[in-house]
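Novice: First to last, the sequence lines map onto chains A and B.
Under numbering that gives the first Met the number 0, think of the first position of the first sequence as 0, with each following residue one higher.
Under numbering that gives the first Met the number 0, think of the first position of the second sequence as 0, with each following residue one higher.
We put the beta carbon where it would ideally sit given N, CA and C, even for glycine.
Questions regarding the structure given below will be posed in turn.
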Amino acid sequence: MSERIVNDFSITVGTVNGSGSQTANTTILRSLFKMGIPVSGKNMFPSNIQGLPTWYTIRVNKDGFIARREEHEIVICMNAQSFAKDLADVIPGGAFFYDDSIKLDVTRDDIIVYAMPVKDLMREQKDVPSNLKSLVANMVYVGVLAQIIGIDFDKIKAALEFHFKGKQKPIELNYNVVLAAAEWAKENLEKKDLYYTKPMDKTEGLIMTDGNTAGALGSIYGGVQFAAWYPITPASSLAEELVEYLPQLRKREDGKNTYAVVQAEDELAAIGMCIGAGWAGLRAMTSTSGPGLSLMTEFAGLAYYGEVPIVVWDVQRVGPSTGLPTRTSQGDLTFTHYLGHGDTEQVILLPGTVNECFEFGWRAFDIAEHMQTPVFVLSDLELGMNQWMTEPFEYPDTPMDRGKVLWEEDLEKIKGDWGRYRDIDGDGIPYRTFPGNKFPGSAYFMRGTGHNENARYSEDADTWAKMMDRIKRKYHNAAKFIPKPVIENNKGATVGIIAYGSTEPVIREARHQLRTEADIKCDSMRIRGVPFTDEIKKFIESHEHNYVVELNRDGQMYQLLLVEYPQLAEKLTSVAYNDGLPATARWVRESILATEVK
Amino acid sequence: MMAEALPMANTKNGNINAAGLEKSDYRGNPTTLCQGCGHNSISNQIIAACYEMDVVPEQLIKFSGIGCSSKSPTYFLNRSFGFNSLHGRMPSIATGALFADINMRGLGVSGDGDTASIGMGQFKHAVRRNLPMVYIVENNGVYGLTKGQFSATAEVGLSLKHQGSNLYMPIDIAWEALVGGATFVARSFAGDPKQVKELIKAALRHKGIAVLDIISPCVTFNNQDNAYHSYSWGKEHEIALHDLSYVPPATEILVDYEAGEDHEVTLHDGSTIMLKKLERDFDPSNRAESIQVLEEANTCNCLLTGLIYVDPSKPELTELYNLVDEPLNRLKESDLRPAPETIDQVNSLMF
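If you want it as structure tokens, here you go:
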């Protein structure tokens, strides 16, 4: 008999999409989290409303490694369509749970098999209304799994209470099924697999949420006043969470609103509305994904050249074109960087954790208004839509930076002597006025056509070139407002890993594996924005080899680094791949080993 | 070609209006459009209307898209903020900007290319949302800045130099506005400056979007005598639905008024649009009649002008949002950033 495996395995649940299994899956995830065990949950779903196979993978790891793995120790199959694949996915010695109404043969004898009488158990649940039976039936596998691997039932109840926001009826309906299924399992199943859960204290003080919720909340603490959006996977929930939380956090005592959210007719209108609002002095944002960003390109150029602050969230999915709408990618980096025709360079923030989605949510407005330029926050599906454990959100540690704005009293002082695009302070950043300013002469005519320092139409060659030079200078000054990279050093390391965004836990685990399994010490640097800060150059210089790890085909961060630091090209190697799935530590490790061990 | 005064052509006359401003305070830069362009005539009527109505220029925001018409906001109301946006995208820019200060009203100038082709989608949604703005379409049936291509409002069979004969059905902007649910729809003619001015006045006081489809001849590319959008065709074929005048609130109505036949429309601020009956009895507050009139306009071989439809009762966009009384763009950090103690509550809302 092999030894027990405690708090170190992955559980994958195969269900039919639209069948309500998300409630069951997040209940398992949350109860493990509440048991103090580090976990992560990843939804692998089709671009479809109902009827296609979907999978949810929970990684349980006592050491806190929560990146995706390729191995599945426990597989639960609730879907006849995916039965063959699910059965094949179980590692030898693993456990396979399935709904016994699936009349297919279990053709493997190297795994432990548990058949679950889902239909029979649900038939006994007289309290469950017939229209809810198929939804609540998912609680059968929660109960059986909990019994077999030892999940704490109180924590399951706590997870259900959270999910149903304290509503007793659905909580009881679901929890009763969990208990009944567990009872059945206790009496009828013999535990033969090796997987166990045991309470720990490793999630204390942490919260669990997704990046889109965090981004929305961060934006609210950033004082968002106007949001316009158009539905698109995987970004929709960011705007929906704004709509959810704004009334709770930003209604005034008189019951009136300090914000407006508009669902636009398309992404062109969404960013157009933001630019109108940003120009008129509101903290304005939109959220979208790749196809929407493509549509926003023309307006992004206007905001860049007209110097209008807005915040654009791109929750990346796989492109080009419609691509893989429900899979993750870091494929919009170079596109966003140069978004717009003509010479454009956009400011980009790259959150790598849910907590950073919150922080960059408010910080993005400060940078945008200070610099008078659009700020693009590049999240992705993996970060945005999956549940992550994270440090609690922290209240912004700096006051709002509204940038250089002239109101009536300011114009009074300077006797109205001002020009919208004059660089008075030598930092490339001019002053703005907003509609509603009653000072005669406060107004100017905003345009995307050539203009001079006073915002007057101009086709003068010298005026055009000078304006573009100033904007470039302003852009490079922006580097000091970009969050510095997160650098983690390993004494004696000669190899550097450069990454960004949602691969954060992957890189952490890959470094651990390289050190413990291959005796290669790596430093890592997680880039958190563009333009690049000085630390980035220093990091590259101080390592013999730097591997730029990213989830796209062409190595887009690698390309940007080459453009910025051509003299360091020999120190940089691209490790880039994208099939729509989140990265794994094994892929990073093997990619680096392939070069390092020659 | 008709004679007209260009904007900026007037000298200061010393007459101060109730806003304490002279007419010259409503002017813009000298026009760069062609001499005789219908758009210049409309610019002049905007200046006159705003002056006569004592509009405070700082209380209006000018908007436009791209094209000859969209250049024209430079030629009036220099003291107003303005946003010359992208081709067909004026409505979205206006939507966002008009949230910044709900005391302000938008004054948009677009063209038939800007509105009826690339901007049709945004136009329809601006109408549907009842934006607090006047939306003027300076409609000449032709692309001027790109030198004379057909626009989507050009009539079938119109023949233009280098373009041949137009094959496609024209889009009727007033019709699109009306079926889209616009709360104020009018058609006018740049060659009828008095009507244009009265319509602009009424439109400025209307709550919600006021769409003015103004036939505004392009003297360079589409002013042949037989062209629908020409001066001469318009002059010969214009049939006004009514003799229209705008009466400010609390003003005694002095016009000759026949009860039962003439119509008056009271706007939300108490001002009145007097519609004196001409050839037909027409009530623009009756949508069915408005639809019928537009249908006739398409078959009558005439240019039917006037106030086609008005509903002063619908809420405008920003009224739907329960916004604080002061302008959003004057709110301070204390209004916008939740208090520090809320962060613990938020964290406790997460799992």
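1) For the alpha helix (DSSP H) that contains E243 of chain A, what are its first and last residues?
2) S312 of chain B to D261 of chain B, Cα distance in whole Å?
3) With a threshold of 16 other CB atoms inside 10 Å of the CB of I15 of chain B, please say whether the residue is buried or exposed.
4) Give me the residue from A:Q371, A:P91, A:L377, A:A181 with the minimum Cα distance to T106 of chain A.
5) Whole angstroms is fine: what's the gap from A4 of chain B's alpha carbon to D416 of chain A's?
6) DSSP three-state call for C76 of chain A: helix, strand or coil?
7) Let me make sure I understand the geometry here. Which of A:F96, A:S293, A:E393, A:A442 has the alpha-carbon closest to that of L332 of chain A?
8) At the 9 Å Cβ level, is I60 of chain B part of the contact set with chain A, yes or no?
9) At 9 Å on the CB atoms, spell out the chain B contacts of Q224 of chain A, in chain order.
10) Counting contacts by CB-CB distance shorter than 9 Å, is R362 of chain A in contact with chain B?
11) Taking M445 of chain A as the reference, which of A:G277, A:R525, A:I591 has the closest Cα?
12) Below 7 Å CB to CB, which residues in the same chain sit around E237 of chain B once its five sequence neighbours on both sides are set aside?
13) Apart from the five residues on each side of it in sequence, which residues of its chain come closer than 7 Å, Cβ to Cβ, to P337 of chain B?
14) Since C521 of chain A sits in a beta bridge, which residues does DSSP pair it with?
15) What does the alpha-carbon distance come out to for the pair D192 of chain A and I111 of chain A?
16) Quick one: what's got a C-beta closer than 7 Å to T583 of chain A's C-beta in the same chain, skipping five residues either side?
17) For D265 of chain A, would you say it is in contact with chain B, using Cβ-to-Cβ distances shorter than 9 Å as the test?
18) Once the 5 residues before and after N545 of chain A are set aside, which same chain residues still bring their CB inside 6 Å of it?
19) By the criterion of Cβ-Cβ separation under 8 Å, what are the contact partners of E625 of chain A in chain B?
20) Measure from the C-beta of E393 of chain A to each C-beta in chain B and report whether the shortest distance is under 9 Å.
21) So E297 of chain A contacts chain B; which residues on that side make the cut at Cβ distance below 7 Å?
22) How big is the Cα-Cα spacing for N42 of chain A and G17 of chain A?
23) Counting C-beta neighbours from all protein chains within 10 Å, is the total for R122 of chain A 16 or more, i.e. buried, or is it exposed?
24) In the DSSP assignment, the alpha helix (DSSP H) including L31 of chain A goes from what residue to what residue?
25) If Y174 of chain A sits next to V223 of chain A, beta carbons under 8 Å apart, how far is it from one beta carbon to the other, in whole angstroms?
26) Among residues of its own chain, excluding the 5 on either side of L157 of chain B, which ones have a beta-carbon nearer than 8 Å to its beta-carbon?
27) Could you please give the first and the last residue of the uninterrupted alpha helix (DSSP H) stretch that includes N489 of chain A?
28) Looking at C-alpha atoms only, which residue of A:G383, A:E182, A:N488, A:R282 is the closest neighbour of P581 of chain A?
29) Rounding to the nearest angstrom, what Cα-Cα distance links T656 of chain A and E503 of chain A in this structure?
30) Need the endpoints of the alpha helix (DSSP H) that G217 of chain A sits in, please.
31) Please state whether DSSP places D396 of chain A in a helix, a strand or coil.
32) So, with DSSP's three-state summary, where would you put D620 of chain A?
33) Starting from G341 of chain A, trace the alpha helix (DSSP H) both ways and give me its first and last residue.
34) How long is the line joining the alpha carbons of A238 of chain A and H124 of chain B, rounded to whole angstroms?
35) May I have a chain-ordered list of the alpha helix (DSSP H) segments no shorter than 4 residues that lie completely inside the segment 266-324 of chain B?
36) Just checking my contact of T30 of chain B with Y74 of chain B at CB under 8 Å: how many whole Å lie between their CB atoms?
Specialist: Inspection of the coordinates gives the following:
1) Unbroken alpha helix (DSSP H) run through E243 of chain A: 235-249.
2) Between the alpha carbons of S312 of chain B and D261 of chain B lies a distance of about 21 Å.
3) The residue is exposed, with fewer than 16 neighbouring Cβ atoms inside 10 Å.
4) Ranking A:Q371, A:P91, A:L377, A:A181 by Cα distance to T106 of chain A puts A:P91 first.
5) Only weak support is given to the placement of A4 of chain B: the predicted model assigns it a pLDDT of 43, under 50, and the question is left unresolved by the model.
6) Strand, per DSSP.
7) Closest option to L332 of chain A, Cα to Cα, is A:S293.
8) Cβ-Cβ to chain A under 9 Å: yes for I60 of chain B.
9) Neighbours of Q224 of chain A on chain B, chain order: F98, A99, L327, N328, L330, L335.
10) By this cut-off, R362 of chain A is not an interface position.
11) When A:G277, A:R525, A:I591 are compared, the shortest CA-CA separation from M445 of chain A is found for A:G277.
12) F188, D191, L302, T304.
13) Excluding sequence neighbours, P337 of chain B sits near nothing in its chain.
14) According to DSSP, which records beta bridges pairwise, C521 of chain A is partnered with A:V494.
15) If you draw a straight line from the Cα of D192 of chain A to the Cα of I111 of chain A, it is about 6 Å long.
16) Contacts found: A66, R67, R68, E69, V505.
17) Yes, its Cβ sits closer than 9 Å to a Cβ of chain B.
18) Cβ contact annotation for N545 of chain A (same chain, cutoff 6 Å, sequence separation greater than five): G495, I497, I539, K570, L571, in chain order.
19) One cannot answer for residue 625 of chain A here, as it falls past the ends of chain A, which runs 0 to 597.
20) It does; some Cβ of chain B falls within 9 Å.
21) Those within 7 Å of E297 of chain A in chain B are L85.
22) Each residue's alpha carbon lies about 13 Å from the other.
23) R122 of chain A is exposed by the Cβ-count criterion.
24) L31 of chain A -> alpha helix (DSSP H) spans 20-33.
25) Y174 of chain A to V223 of chain A, Cβ: 38 Å. No contact.
26) Excluding five sequence positions before and after L157 of chain B, the CB atoms of its chain that fall closer than 8 Å to its own CB belong to G140, F149, S164, N165, N221, A226, Y227, given in chain order.
27) Taken as a continuous stretch (DSSP letters only), N489 of chain A belongs to no alpha helix (DSSP H), as it is neither H nor E.
28) It is A:G383 whose Cα lies nearest to the Cα of P581 of chain A.
29) Coverage of chain A is limited to positions 0 through 597, which leaves residue 656 of chain A absent and any answer about it impossible.
30) Where G217 of chain A is concerned, the enclosing alpha helix (DSSP H) stretches over 210-220.
31) In this structure, DSSP gives D396 of chain A a state outside helix and strand, which the three-state scheme calls coil.
32) Residue 620 of chain A is absent from the model: chain A starts at 0 and stops at 597.
33) Segment: none, G341 of chain A is in no alpha helix (DSSP H) and carries neither H nor E.
34) Going from the Cα of A238 of chain A to the Cα of H124 of chain B covers about 20 Å.
35) Here the runs fully enclosed are 286-296.
36) 4 Å between Cβ atoms; contact.
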